[in-house]
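One structure is given below, encoded as structure tokens.
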Amino acid sequence: MQPIGITSIGVHIPYYYMQRNTIAAAWGARGLKGCRSVANVDEDAVTMAVEAIRDAGADTLGGGIQALYFASTTAPYAEKSHAAIVARACSLPETVFTMDLASSLKAGTGALRMALDAAIARPGTNTVVVAADCRDAAPKSPQEQLFGDAAAAVTIGDESPIAVIDHMSGNTREIVDVWRNAGERHINTAEPRFVTDCGYKSAMQAAISSFLEETHSSAADYARLVISTSDLREHLAVSKKLGFSPEQVQDPLMLEIGCSGTAQVFVALAAALETASPGDRILVANYGNGADVFSLTVTDAICRCPRRSRMRDLLASRRELAEYGRLLSFRGTIEPAAGEPFRLTISTAMTWRDQGTYLGLEGSVCEECGTAAFPVNRVCHSCGAKDKFTVSPRSRMEPEIFTYSIDRLAGRSDDPVVVQTVAQDESGCRYYLNMTDFNPEEIFVGKKLNFTLRKIHNLGNFVNYYWKFRPLRKAEEKNNEG
Amino acid sequence: MKDKVAIVGMGCSKFGERWDMGLSDLIIEAAYEGYADAGIEPGQIDAVFYSNGTTGALAATPIADALKLKNIPILRNENYCCSGHIALIEACMAVASGAYKTVLAIGAEKLKDTGFAGLGAGRGISTVMEARRTAPGSFALIGTRYFEENGISYDEGKRLLANIAVKNHANGMLSPKAHFHKEITVEDVLKAPIIATPLGLFDCCGNSDGAACAIITSAENARSFRDDPIWVKGFGISMDAGLPHLRPDFGWTSFDALKVSSGKAYEMAGIKNPREEIDVAEVHDCFTVTEMLIYEDFGFSARGRARDDIDSGFFERTGGLPVNVDGGLKCFGHPVGASGIRMTYEIYKQLQGRTDNPERQLKGVARGLSHTFGGPPQLSAVLIAGNEKG
Numbered sequence: 000m001q002p003i004g005i006t007s008i009g010v011h012i013p014y015y016y017m018q019r020n021t022i023a024a025a026w027g028a029r030g031l032k033g034c035r036s037v038a039n040v041d042e043d044a045v046t047m048a049v050e051a052i053r054d055a056g057a058d059t060l061g062g063g064i065q066a067l068y069f070a071s072t073t074a075p076y077a078e079k080s081h082a083a084i085v086a087r088a089c090s091l092p093e094t095v096f097t098m099d100l101a102s103s104l105k106a107g108t109g110a111l112r113m114a115l116d117a118a119i120a121r122p123g124t125n126t127v128v129v130a131a132d133c134r135d136a137a138p139k140s141p142q143e144q145l146f147g148d149a150a151a152a153v154t155i156g157d158e159s160p161i162a163v164i165d166h167m168s169g170n171t172r173e174i175v176d177v178w179r180n181a182g183e184r185h186i187n188t189a190e191p192r193f194v195t196d197c198g199y200k201s202a203m204q205a206a207i208s209s210f211l212e213e214t215h216s217s218a219a220d221y222a223r224l225v226i227s228t229s230d231l232r233e234h235l236a237v238s239k240k241l242g243f244s245p246e247q248v249q250d251p252l253m254l255e256i257g258c259s260g261t262a263q264v265f266v267a268l269a270a271a272l273e274t275a276s277p278g279d280r281i282l283v284a285n286y287g288n289g290a291d292v293f294s295l296t297v298t299d300a301i302c303r304c305p306r307r308s309r310m311r312d313l314l315a316s317r318r319e320l321a322e323y324g325r326l327l328s329f330r331g332t333i334e335p336a337a338g339e340p341f342r343l344t345i346s347t348a349m350t351w352r353d354q355g356t357y358l359g360l361e362g363s364v365c366e367e368c369g370t371a372a373f374p375v376n377r378v379c380h381s382c383g384a385k386d387k388f389t390v391s392p393r394s395r396m397e398p399e400i401f402t403y404s405i406d407r408l409a410g411r412s413d414d415p416v417v418v419q420t421v422a423q424d425e426s427g428c429r430y431y432l433n434m435t436d437f438n439p440e441e442i443f444v445g446k447k448l449n450f451t452l453r454k455i456h457n458l459g460n461f462v463n464y465y466w467k468f469r470p471l472r473k474a475e476e477k478n479n480e481g
Numbered sequence: 000m001k002d003k004v005a006i007v008g009m010g011c012s013k014f015g016e017r018w019d020m021g022l023s024d025l026i027i028e029a030a031y032e033g034y035a036d037a038g039i040e041p042g043q044i045d046a047v048f049y050s051n052g053t054t055g056a057l058a059a060t061p062i063a064d065a066l067k068l069k070n071i072p073i074l075r076n077e078n079y080c081c082s083g084h085i086a087l088i089e090a091c092m093a094v095a096s097g098a099y100k101t102v103l104a105i106g107a108e109k110l111k112d113t114g115f116a117g118l119g120a121g122r123g124i125s126t127v128m129e130a131r132r133t134a135p136g137s138f139a140l141i142g143t144r145y146f147e148e149n150g151i152s153y154d155e156g157k158r159l160l161a162n163i164a165v166k167n168h169a170n171g172m173l174s175p176k177a178h179f180h181k182e183i184t185v186e187d188v189l190k191a192p193i194i195a196t197p198l199g200l201f202d203c204c205g206n207s208d209g210a211a212c213a214i215i216t217s218a219e220n221a222r223s224f225r226d227d228p229i230w231v232k233g234f235g236i237s238m239d240a241g242l243p244h245l246r247p248d249f250g251w252t253s254f255d256a257l258k259v260s261s262g263k264a265y266e267m268a269g270i271k272n273p274r275e276e277i278d279v280a281e282v283h284d285c286f287t288v289t290e291m292l293i294y295e296d297f298g299f300s301a302r303g304r305a306r307d308d309i310d311s312g313f314f315e316r317t318g319g320l321p322v323n324v325d326g327g328l329k330c331f332g333h334p335v336g337a338s339g340i341r342m343t344y345e346i347y348k349q350l351q352g353r354t355d356n357p358e359r360q361l362k363g364v365a366r367g368l369s370h371t372f373g374g375p376p377q378l379s380a381v382l383i384a385g386n387e388k389g
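These protein sequence lines are chains U and F, in that order. Residue numbers for the first sequence, in numbering that gives the first Met the number 0: 0 to 481. Residue numbers for the second sequence, in numbering that gives the first Met the number 0: 0 to 389.
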């Protein structure tokens, strides 16, 4: 049997971050060190998951992916598959097996275990596991500063893994430490010392100790420990107790991102893999009503992985959100003055019928004259041929701005600036979309753009997703050069 | 169609924020001025062509309700900002066909009752594909591209467009029925808040309440109404795709709809050189950038040279081809369905030498053009009129 492991990994760190001091200042309180990432107003766990999968390149594997697991504690629907939306937006084949995993911060590592089992049981199975969270804490609570938004995706399979999964185990502990009741927006936490000592520390230490025993290994055998945490220090205390030196512990990026729920441990793992060398062993531990632990051995394939030092570039190409009020309104904690309502009708039938356009970003290429168009043109713009086209997903194109307007009237009251954008890709195909994650001062004709799936609105009382443009981030520009 | 029909009466309400007036009041204000101007009784109207965009699925009943016209055809059209022109052109064709002897074309809009300062975001064809789109943002796409292609910097471009706003404000000062009466300077335009780059507040027209009407009859009947009927010389309408944005090679600095609609009207009117042969024009200045583009697509200026004519004052009241002498949409206001007829009202009065302010009256005008450009944008309608039968 081929060794099974992680064949690719991708992350999404939102464009916006907020200094913890900004949050503290709004309350006249003391700020914690660092900053936290903040999902844009048009982002949620679904859109971030799509970004992470695209970053991992799993959408381009197409038929190579047999299963997709979507893990989140903050998915927008209580009933409806999110994995199905993500699979459609990533143009995965209809035969893909999809499953949502929810409720636990271990949902992502749980999904990874299922993916591993599947690959063992059915050799050749490739699964993408994606974890994404935008958790909300009550205003003025410590968690408000500590939480951050992010997503990460890993593909599991046996086709030249960059890190082979050696062993996986863990424990399950019942405890009411951190929880959110159905219908609630904010996390509840029990008394902090109880949460740390009887919840996190106890379960993590037990799970990691058992793991080391089972595998006859010790802390010294691992180049890195990737461990989830909910504050700035807990993970260091646990690591120390288990015999890991501070140098061995992967920075969980609490000062740059914050605790990103189900995504956190994968984001940290991605960072660890960026600096790993072939042969390195990595231990990964994740908490949530018990702990999941697994170990990896990095392979030679890591050298061919394009993600080296991407995390640093991603973190460097962000923009500060300076207004605390917008953090609250982006999440719906407060409702700012209503913007103008949409005067458009909505239809679930239309959304279903047009999913190729809305989620697949599908255009057409004329079989007669080769003209590329978006969305699908049944009658060709150029030669007039009727119904002679091939469908062509366009979301991986990188068009350039042809013309634009920075519109200060069109947006929501808490996000007033909308960039109407007409862009053209190298095949000559034109697009007309709004832009997101932009700095208005860095927009010009000819600027290169990416596509990103975003929330458009909630008309019809369901989430309407569609694509927007976003300027390439530093890490992506670098990839292009490479 | 040249000289087959004539306009024998026109009416126009005061434009503006008519909070105290309903749609019916505006219709009555315009229609009764038109009746008086033509010297006719309502009973002499054989059919009505009504343009309106915002009163929902009410067919044309607001006309029958307000004017107590019944048992005649009253047809409504909605064609974005071209609705008024299209009602007018439909009326001309209906009379020319011989189906009706005398008809009323009337456009009315009560925008201020909608509760929105602008025409609004989130309009368009598809619920998610065009979300968060405004008219200023859509037309501004022209400006960015025009500047890019013509090597005009953002600041130079802003200043160039400002001249159009300053001109139209100066003209609006002389129009008693206009929505806005405010003299402005280039500096005022440059200082104003940005709405959608490169368009600032003074680059955008007003959203107004208003109504306007025209009474059309056949050439044979025209002189039985008045000694100075205004003759319809030519017209053109051209529709393009709702989203030219998506068409490969669409350039954004020229629109087929503008070129085709004006070309058809010139052809019908026998005009070879519009820059020389048109004496006055009312064109669709929903935004300053639109007016600039129209100069070129209508052949008023050479391609890429609108700048020279703006700088030389060619389109000012005292210039070679005065444009928007009543203040334009910019200052007269833009109640969508009424605008095309209101613009023709100014041409009609100018050609008769009977404008409501002698200071605004141009000398020696024989041929005038009115025009509207609608949609996101893709629809254009042009009408050319003259004061002598050819």
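In this text, a Cβ means the ideal position worked out from N, Cα and C, and glycines have one as well.
query                                                                                                                                                                      : result
Using the C-alpha atoms, what's the distance from A162 (chain U) back to A474 (chain U)?                                                                                   : 22 Å
Residues in the same chain with beta-carbon distance under 6 Å from A300 (chain U), minus the five sequence neighbours each way, listed in chain order, please.            : S159, I161
Starting from W230 (chain F), find everything on chain U with Cβ-Cβ shorter than 7 Å and list it in chain order.                                                           : Here the premise fails: no neighbours, minimum Cβ distance about 39 Å.
How about K454 (chain U) and D43 (chain U): do their beta carbons lie closer than 7 Å?                                                                                     : yes
Would a check of beta-carbon distances place I163 (chain F) closer than 7 Å to chain U?                                                                                    : no
Hey, could you find the ends of the beta strand (DSSP E) H11 (chain U) is sitting in?                                                                                      : 4-11
Whole angstroms is fine: what's the gap from I105 (chain F)'s alpha carbon to G355 (chain U)'s?                                                                            : 43 Å
If we call anything under 7 Å between Cβ atoms a contact, is F234 (chain F) one with A264 (chain F)?                                                                       : yes
Quick one: does G205 (chain F) have its CB under 7 Å from some CB of chain U?                                                                                              : no
Throw me the rounded Cβ distance for the C67 (chain U) and L91 (chain U) pair, which I believe falls under 8 Å.                                                            : Reading off the sequence, residue 67 (chain U) comes out as Leu, not Cys. Contact flag correct, Cβ pair sits at about 6 Å.
Assuming P335 (chain U) contacts D436 (chain U) under a Cβ cut-off of 8 Å, what Cβ separation, rounded to an integer in Å, is found between them?                          : Wrong, their Cβ atoms sit about 20 Å apart, outside the cutoff.
Does DSSP put Q249 (chain U) in a helix, in a strand, or in coil?                                                                                                          : coil
Quick test of your reading: L368 (chain F) and H84 (chain F), contact by CB under 8 Å. State the CB separation rounded to the nearest angstrom.                            : About 11 Å separates the two Cβ atoms, so there is no contact after all.
Hey, quick one: how far does the beta strand (DSSP E) through M238 (chain F) stretch, first residue to last?                                                               : 229-238
Using CA coordinates, which residue listed in F:T252, F:A213, F:D112, F:F331 is at the minimum distance from R144 (chain F)?                                               : F:T252
Distance cutoff 7 Å, beta carbons only. Does L140 (chain F) sit that close to anything in chain U?                                                                         : yes
Can you name the residues of chain U whose CB is closer than 8 Å to the CB of H333 (chain F)?                                                                              : Ordered by position in chain U, no residue passes the 8 Å Cβ test against H333 (chain F), which lies about 16 Å from the chain.
Could you name the residues of chain F that R407 (chain U) contacts, counting a contact when the two beta carbons are closer than 7 Å?                                     : I193, I194, A195
Kindly indicate which three-state DSSP category Y14 (chain U) falls into: helix, strand or coil?                                                                           : coil
Once you ignore the five residues that flank G326 (chain F) on each side, which residues in its own chain have a CB closer than 6 Å to its CB?                             : N167, N170, G171, S174, A177
Runs of 3 residues minimum, wholly inside the stretch 68-106 of chain U: which ones carry the beta strand (DSSP E) assignment?                                             : 96-100
Is A152 (chain U) near G9 (chain U), with beta carbons less than 7 Å apart?                                                                                                : yes
Using the three-state DSSP reduction, which class does W251 (chain F) fall into: helix, strand or coil?                                                                    : coil
If you measure between the beta carbons of A384 (chain F) and K232 (chain F), is that distance less than 7 Å?                                                              : yes
If you reduce the DSSP assignment to three classes, tell me which class Y99 (chain F) lands in.                                                                            : coil
Would D248 (chain F) be called buried (16 or more neighbouring beta carbons within 10 Å of its own) or exposed?                                                            : exposed
Excluding the 5 residues flanking G481 (chain U) on each side, which residues of the same chain have their C-beta closer than 6 Å to its C-beta?                           : Reliability fails at G481 (chain U), whose pLDDT of 43 lies under 50, so the model's placement of it is uncertain and no value is given.
Exposed or buried, which one is R377 (chain U) when buried takes at least 16 other CB atoms within 10 Å?                                                                   : exposed
Just to confirm, are A267 (chain U) and P251 (chain U) a CB contact at a threshold of 7 Å?                                                                                 : yes
So, using beta-carbon positions, are F96 (chain U) and V85 (chain U) closer together than 7 Å?                                                                             : no
Quick one: what does DSSP say F329 (chain U) is sitting in, helix, strand or coil?                                                                                         : helix
Determine the closest residue to A404 (chain U) out of U:I442, U:T171, U:A372, with distance taken between C-alpha atoms.                                                  : The residue you asked about is not Ala; residue 404 (chain U) is Ser in the sequence shown. Comparing Cα-Cα distances from S404 (chain U) to each of U:I442, U:T171, U:A372, the minimum goes to U:I442.
For A5 (chain F), would you say it is in contact with chain U, using Cβ-to-Cβ distances shorter than 7 Å as the test?                                                      : no
So, for F210 (chain U): in the same chain, excluding its five sequence neighbours on each side, which residues have a beta-carbon less than 6 Å away from its beta-carbon? : S168, V292
How many angstroms separate the CA atom of D208 (chain F) from the CA atom of I62 (chain F)?                                                                               : 16 Å
Any beta carbon of chain F sitting closer than 7 Å to that of T451 (chain U)?                                                                                              : no
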